[in-house]
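Reading through the C-alpha cells given below for one structure.
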Amino acid sequence: MHNSLAPKPSTMLKNTFLFLMIACLAACGSEEQAEPGGAKSSAVKTGTVEHMRAVSALTDAQIAAANQDQGNWLSHGRNYQEDRYSELDQINADNIDQLGLAWALDLGTKRGIQATPIVVDGIMYFSGPWSVVWAVDARKGEVIWKYDPQVPRDIAARLCCDVVNRGVALYQGAVFFGTLDGR
Numbered sequence: 000m001h002n003s004l005a006p007k008p009s010t011m012l013k014n015t016f017l018f019l020m021i022a023c024l025a026a027c028g029s030e031e032q033a034e035p036g037g038a039k040s041s042a043v044k045t046g047t048v049e050h051m052r053a054v055s056a057l058t059d060a061q062i063a064a065a066n067q068d069q070g071n072w073l074s075h076g077r078n079y080q081e082d083r084y085s086e087l088d089q090i091n092a093d094n095i096d097q098l099g100l101a102w103a104l105d106l107g108t109k110r111g112i113q114a115t116p117i118v119v120d121g122i123m124y125f126s127g128p129w130s131v132v133w134a135v136d137a138r139k140g141e142v143i144w145k146y147d148p149q150v151p152r153d154i155a156a157r158l159c160c161d162v163v164n165r166g167v168a169l170y171q172g173a174v175f176f177g178t179l180d181g182r
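Going letter by letter, the sequence shown gives residues 0 to 182 in numbering that gives the first Met the number 0.
Below you can see the structure in the form of C-alpha cells.
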C-alpha cells in the first residue's frame, strides 16, 4: 500500500525508459503503411478514422500469431507468451550509441505511465493517470486523439495504489480499458 500519491522516482524512470524504447521501436517502422494482417495500404491515411478502425480491428487470429508480427506490439507482453521481446534488429550493439530523442510528448501530468503501450501500424495506444487514453502517431509523436473519462478526482483518497492505469487492449475495432471508478 502506498503512503503517498506521489510516484516513486525510480519507478517513473524505469517506466519512462520502457515507454521511450517501445516508442523508438515503433518509430523505426517502415514509412509504408501496413494494415493488420500485413496487407499494405496507401488508400487509408494514417490517423484518419478509417485507419484507426482498421488498426484497432484486431482478431483472435492476429493476436494468436503475434510472434510472426514483429513490427507491431499487439498485447501487453507482445504475445500470449508474454515474451516482452522484439526480434527487430534495426537497433543493435553497433548503433545504439547513435540513438537520440526522436520526439517527446507532454502528457500534462507529473505522474508516471505504468502501462505497456500497444503499437499497431505505427499508432501507439496507451493509458495514463486518471484512466486517460491516448492514440499517438509513433513515428511523429503527434497525438491523434485523447480520451479523458473524467474520473472524479476525489476518488484518489479511497484508492490503494495511486491513480495509475494498467493499459489498453485493442479488439475488433474497439479500445478497451478500465477506469478508476469502475465504469
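Ideal Cβ placement from N, Cα and C applies to all residues, glycine included.
Boundaries for A64: no alpha helix (DSSP H) harbours it, and the DSSP string shows neither H nor E there.
The residue from D68, W72 and A103 with its alpha-carbon nearest to that of L169 is W72. The DSSP assignment places complete beta strand (DSSP E) segments of no fewer than 3 residues inside the region 87-171 at 117-119, 122-126, 132-136, 141-146 and 167-170, in order along the chain. Sixteen is the threshold: since fewer than 16 other Cβ atoms of the shown chains lie within 10 Å of the Cβ of I95, the residue is exposed. Counting along the chain, the unbroken beta strand (DSSP E) around A173 starts and ends at A173 to F176.
A residue is called buried when at least 16 other Cβ atoms come within 10 angstroms of its Cβ; P116 meets this threshold and is buried. Separation of Y84 and G99 (C-alpha to C-alpha, rounded to the nearest whole angstrom) is 21 Å.
Looking at the backbone, the Cα of G140 and that of S126 are separated by about 15 Å.
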